[in-house]
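Per this note's numbering, residue 7 is the first one in the sequence shown, and the count goes up by one each step.
By construction, the Cβ of each residue, glycine as well, lies at the ideal position given by its N, Cα and C atoms.
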Amino acid sequence: EGGVDTATSTLHWGPWAAEDQWPKTHGSYSLPDGDFGDDFHTFVMEWSKDELITYVDKPENVMLNVKWNGTGHWENGGWDNNPRMKNPWEGRGSNAPFDQKFFMIMNVAVGGTNTYFPDGKGGKPWTNANQHAINAFWQAKD
């Protein structure tokens, strides 16, 4: 995963925020040449009862493809082995909780120290452990 030549797509899910399993549904696409600032691009999300796909410009440029193929998110999250937790999606399809209407958040993210932007990739001028990361970002602006 890189910098200005890479777009990522992440599906956040879990029975509550502290159990968000986003690393299991995170993907990226890097342009073969240039960066995303060189031209306009189309970012697509296709969401059906069978799968959720995101891509850039054309279907071959897949960032993320999550198939609802029989195993539900409860099992995919590994919570089925914890007897103290109750499945909030029990009795629903393998696409639960994505089988109902809800709000979609789309954003452009340019920084952070939350591991979404790995250290040592794409010319990132700060590290996730840096307590003054915003200063390092600003000092590297030129």
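Buried/exposed call for residue i, threshold 16 Cβ in 10 Å
{"i": "I59", "result": "buried"}
{"i": "D115", "result": "With the sequence shown as reference, residue 115 is identified as Ala, and Asp is not the correct amino acid for it. Under this definition A115 is an exposed residue."}
{"i": "S146", "result": "A small correction: the amino acid at residue 146 is Ala; Ser does not occupy that position in the sequence shown. Its Cβ having fewer than 16 others within 10 Å, A146 is exposed."}
{"i": "W132", "result": "buried"}
Closest residue to residue i among the options (Cα-Cα distance)
{"i": "Y122", "options": "V10, N134, E57, F108", "result": "N134"}
{"i": "F24", "options": "W132, G83, V10, G76", "result": "Contrary to the premise, residue 24 reads as Ala rather than Phe in this sequence. Looking at the Cα atoms, G83 is the closest of the given residues."}
{"i": "E66", "options": "N88, P38, D45, V10", "result": "P38"}
{"i": "T31", "options": "N141, M112, P21, L17", "result": "L17"}
Chain-order list of residues whose beta-carbon lies under 6 Å from that of residue i (same chain, five-residue window excluded)
{"i": "G33", "result": "S15, M69, L70"}
{"i": "P21", "result": "P94"}
Other residues of its chain near residue i: CB distance less than 7 Å, five sequence neighbours each side excluded
{"i": "W80", "result": "D86, N93, W95"}
{"i": "E57", "result": "N71, V72, K73, W74"}
Residue i - containing alpha helix (DSSP H), residue span
{"i": "W80", "result": "79-82"}
{"i": "A142", "result": "139-145"}
Contacting residues, own chain, Cβ-Cβ under 8 Å from residue i (five flanking each side not counted)
{"i": "P103", "result": "W19, H79, P94, W95"}
Cβ-Cβ separation, residue j to residue i (assumed contact under 8 Å), whole Å
{"i": "G9", "j": "K130", "result": "7 Å"}
{"i": "D11", "j": "F46", "result": "Between F46 and D11 the Cβ distance is about 15 Å, and since that is not below 8 Å, they are no contact."}
{"i": "G76", "j": "S100", "result": "5 Å"}
Bounding residues of the beta strand (DSSP E) (the contiguous stretch that carries residue i)
{"i": "V72", "result": "68-73"}
{"i": "H32", "result": "32-36"}
{"i": "V62", "result": "57-62"}
{"i": "F49", "result": "49-53"}
{"i": "A152", "result": "Shown here, the chain extends from 7 to 148; a query on residue 152 therefore has no answer."}
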